[in-house]
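Participant:
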Amino acid sequence: MTTISQNPVLISGAGIGGTLLARALQSHNIPFQLYERDANRHARAQGYRIRMSDEGLAAIESVLNREEFAAFKDGTSTTGSGGPYHFDAKTGDRIEPGSTGPPGPPPSKPDTNSAPHAPDVPAPTKPMLSGPTYGTARGWLRDNLLTTVADSIHWDKRASSYTLTGNGVVLNFTDSTTSPEGSMLVIADGSQSSLAAQLGQGEIRSYDTGARMIHGQTTSKAFRELGTGVFFIRDGSHEAGPLSLITNIRPGGELDDDSVEFGWVFVGGPGSFVPPNEDFSLIGKPAAELSRELTKDWSPKFKGIFEQQNDAQAAFLKMSTAWPRGLPEWKSEARVTVLGDAVHCMTPAGGVGANTALQDAAFLGKLLGERGGWEEDVVAKYEVEMRQYASEKVKASFEAAAKQFSITELGGKKLDP
Numbered sequence: 001m002t003t004i005s006q007n008p009v010l011i012s013g014a015g016i017g018g019t020l021l022a023r024a025l026q027s028h029n030i031p032f033q034l035y036e037r038d039a040n041r042h043a044r045a046q047g048y049r050i051r052m053s054d055e056g057l058a059a060i061e062s063v064l065n066r067e068e069f070a071a072f073k074d075g076t077s078t079t080g081s082g083g084p085y086h087f088d089a090k091t092g093d094r095i096e097p098g099s100t101g102p103p104g105p106p107p108s109k110p111d112t113n114s115a116p117h118a119p120d121v122p123a124p125t126k127p128m129l130s131g132p133t134y135g136t137a138r139g140w141l142r143d144n145l146l147t148t149v150a151d152s153i154h155w156d157k158r159a160s161s162y163t164l165t166g167n168g169v170v171l172n173f174t175d176s177t178t179s180p181e182g183s184m185l186v187i188a189d190g191s192q193s194s195l196a197a198q199l200g201q202g203e204i205r206s207y208d209t210g211a212r213m214i215h216g217q218t219t220s221k222a223f224r225e226l227g228t229g230v231f232f233i234r235d236g237s238h239e240a241g242p243l244s245l246i247t248n249i250r251p252g253g254e255l256d257d258d259s260v261e262f263g264w265v266f267v268g269g270p271g272s273f274v275p276p277n278e279d280f281s282l283i284g285k286p287a288a289e290l291s292r293e294l295t296k297d298w299s300p301k302f303k304g305i306f307e308q309q310n311d312a313q314a315a316f317l318k319m320s321t322a323w324p325r326g327l328p329e330w331k332s333e334a335r336v337t338v339l340g341d342a343v344h345c346m347t348p349a350g351g352v353g354a355n356t357a358l359q360d361a362a363f364l365g366k367l368l369g370e371r372g373g374w375e376e377d378v379v380a381k382y383e384v385e386m387r388q389y390a391s392e393k394v395k396a397s398f399e400a401a402a403k404q405f406s407i408t409e410l411g412g413k414k415l416d417p
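Residue numbers for the sequence shown follow full-length UniProt numbering, beginning at 1 and rising by one.
(1) Measuring CA to CA, which of W374, I16, G284 is closest to N310?
(2) On the CB-based measure, 16 or more other CB atoms within 10 Å of its CB, does A137 come out buried or exposed?
(3) How would you call P324, buried or exposed, if buried means at least 16 neighbouring beta carbons within 10 angstroms?
(4) Cutting at 7 Å between CB atoms, please list the residues of its own chain near T174, excluding the five before and the five after it.
(5) In chain order, what residues of the same chain have a beta carbon less than 7 Å from the beta carbon of R292, not counting five sequence neighbours either side?
(6) Count the other C-beta atoms from every protein chain shown that fall within 10 angstroms of the C-beta of S259, then say buried if there are 16 or more, exposed otherwise.
(7) Answer with buried or exposed for K413, where buried requires no fewer than 16 other C-beta atoms within 10 angstroms of its C-beta.
(8) For T165, count the other beta carbons within 10 Å of its own beta carbon; 16 or more makes it buried, fewer makes it exposed. Which is it?
(9) Is there contact here, the stretch 62-76 with the stretch 220-237, by at least three beta-carbon pairs under 8 Å?
(10) Could you give the DSSP three-state label for R51: helix, strand or coil?
(11) Can you list, in chain order, the stretches of the alpha helix (DSSP H) that have 4 or more residues and sit fully within the UniProt domain "FAD-binding" (329-394)?
(12) DSSP three-state call for F72: helix, strand or coil?
(13) Could you check the C-alpha separation between A118 and E385 for me, to the nearest Å?
(14) Grouping DSSP H, G and I as helix and E and B as strand, with all else coil, what is I305?
(15) Would a C-beta distance cut-off of 8 Å place I233 and F87 closer than the cut-off?
(16) Does the beta-carbon distance from N40 to W155 come in below 8 Å?
(17) Grouping DSSP H, G and I as helix and E and B as strand, with all else coil, what is Q6?
(18) Using CA atoms only, rank isn't needed, just tell me which of D143, F262, P31 is closest to E181.
(19) Classify S12 as buried or exposed, calling it buried when 16 or more other Cβ atoms lie within 10 Å of its own Cβ.
(20) Within 10 angstroms of its Cβ, does S281 collect 16 or more other Cβ (buried), or is it exposed?
(21) Provide the residue span of the beta strand (DSSP E) that contains T148, from first to last.
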């Protein structure tokens with residue numbers, strides 16, 4: 001296998017977007033170096049479960065070879081496609097979507113193979129994801145993608161800025177070191193990226209929606225009474241605003257395996273709850289205890305999800321988004337571009353953020369592969385198309401979240417209806 005002779009592509013961020021891009025470059029024998037701020041691959045929890053569908057699966061399939069993709073598919077599970085099913089958090093009763101009044105009829109007794117069904121409840125809302133939907137833990141997906149590129153990863157390297165040179169670009173790190181000169185830089189280090197801020201000159205940024213989330217994972221036995229599918233559990237009794245639990249319980253035999261953990265997200269709209277001492281980096285047991293305190297009056301049907309959670313996996317999160325009226329245009333730089341949350345972070349509503357990051361990585365990797373590495377037109381071609389499809393996804397994701405969590409402004413700006 002002959003490696004193309006040119007300076008490496010520098011990738012800042014070894015999340016799922018950065019690692020899939022690395023795999024794409026590897027498949028085309030294009031040299032690269034991957035820099036990650038975490039000390040190692042297990043330094044922190046990798047976030048909630050990813051629902052993958054057409055775009056995400058197609059992106060991964062386009063990069064991996066047939067055997068690798070088959071192994072990847074074997075490691076995923078079909079995500080519960082029923083629902084979303086809506087419940088009142090305190091009574092445990094089934095309710096109609098968006099209801100704040102008396103609960104609807106009780107659900108039928110679920111089993112481990114099907115979600116509860118009440119014939120007089122409106123048909124489930126059409127999901128934003130299309131096609132057969134698969135689920136995977138974000139950490140498992142990243143580890144799977146990292147397997148063949150581990151030798152090119154530099155851990156514990158937090159990028160602070162970049163410097164353009166006569167023939168490329170150099171990354172600068174917070175430990176006062178620099179990277180070798182690269183042919184180009186791909187920024188894939190998340191929604192608070194200083195590199196993206198430098199590239200966009202303030203145009204590329206994320207906005208705090210005001211909504212707050214706690215992500216957690218709980219043993220499967222706490223979910224058995226629910227069955228399988230997508231569930232929205234709503235508590236409308238709080239004066240500061242409703243609280244919701246969102247979870248997806250996958251079909252198959254995992255409900256009967258106590259060692260399996262299902263992920264969930266606990267969400268409140270703007271002003272509904274805050275972490276102790278306004279510590280927005282709250283993780284582990286303190287975050288788990290906050291979720292238990294906020295749900296102490298919930299029905300026993302749902303309380304077990306919080307009481308039996310894996311405290312180490314709990315994390316408090318702000319719900320952020322890129323500007324939902326369309327990604328901004330910044331002065332394109334031929335040697336530097338950006339993908340994933342660093343340019344188009346999204347709310348979790350609709351489950352499209354991770355899929356779009358994978359789509360970015362596969363598309364950029366394809367363009368570089370077609371040219372045998374960096375060429376002058378690659379970044380412009382990538383950004384024009386990425387800006388179009390990502391803007392659509394950000395808009396749809398935000399509108400779903402705004403409706404569900406009563407979000408009316410971003411960054412102090414009132415949004416037009």
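Heads up, the beta-carbon is just placed ideally off N, CA and C, and yes, glycines get one too.
This structure is a prediction, so every number in the text was calculated from the model and none was measured.
Facilitator: Taking the geometry as given:
(1) Start at 1 with the first residue of the sequence shown, and residue 310 comes out as number 310. Closest by alpha carbon: G284.
(2) Locating residue 137 in the sequence shown gives position 137, counting from the first residue. Under the 10 Å beta carbon count, A137 is surrounded by 16 or more other beta carbons and is classified as buried.
(3) As a working note, residue 324 is residue 324 in the sequence shown. P324 is buried by the Cβ-count criterion.
(4) Position 174 of the sequence shown, counted from the first residue, corresponds to residue 174. So the qualifying residues of the chain are R158, S160.
(5) Start at 1 with the first residue of the sequence shown, and residue 292 comes out as number 292. The beta carbon of R292 sits closer than 7 Å to those of F306, E307, all from its chain and outside the five residues before and after it, given in chain order.
(6) The residue you call residue 259 lines up with position 259 of the sequence shown. Its Cβ having fewer than 16 others within 10 Å, S259 is exposed.
(7) Sequence index remark: in the sequence shown, residue 413 carries index 413 (1-based). Exposed is the call here.
(8) Translated into positions along the sequence shown, residue 165 becomes position 165. Under this definition T165 is an exposed residue.
(9) no
(10) What you label residue 51 is simply residue 51 of the sequence shown in a count that begins at 1. Strand, per DSSP.
(11) Fully contained in the UniProt domain "FAD-binding" (329-394) are the following alpha helix (DSSP H) runs of length 4 or more, in chain order: 341-344, 353-371.
(12) Within the sequence shown, residue 72 is the residue found at index 72, counting from 1. In this structure, F72 counts as helix in the three-state DSSP scheme.
(13) One-based indexing of the sequence shown puts residue 118 at position 118. One-based indexing of the sequence shown puts residue 385 at position 385. With a pLDDT of only 29 at A118, under 50, the local geometry of the prediction cannot be trusted, and the value read off the model is given with reservation. Computed Cα separation, rounded: 43 Å.
(14) Taking the first residue of the sequence shown as 1, we reach residue 305 at position 305. Helix, per DSSP.
(15) Residue 233 sits at position 233 when you count from the first residue of the sequence shown. Residue 87 sits at position 87 when you count from the first residue of the sequence shown. Yes, Cβ-Cβ distance for I233 and F87 is below 8 Å.
(16) Reading the sequence shown from its first residue, position 40 is the one you call residue 40. Reading the sequence shown from its first residue, position 155 is the one you call residue 155. Contact: yes.
(17) As a first step, residue 6 is located in the sequence shown; it is residue number 6 there, counting from the start. Coil, per DSSP.
(18) Looking up residue 181 in the sequence shown gives position 181. For E181, the nearest C-alpha among the options comes from P31.
(19) As a position in the sequence shown, residue 12 is number 12, starting the count at 1. When all chains shown are included, S12 counts as buried.
(20) Working through the sequence shown from its first residue, we reach residue 281 at position 281. Answer is exposed; the Cβ neighbour count stays below 16.
(21) Here residue 148 corresponds to residue number 148 of the sequence shown, with the count starting at 1. Neither: T148 is in no beta strand (DSSP E) and is coded neither H nor E.
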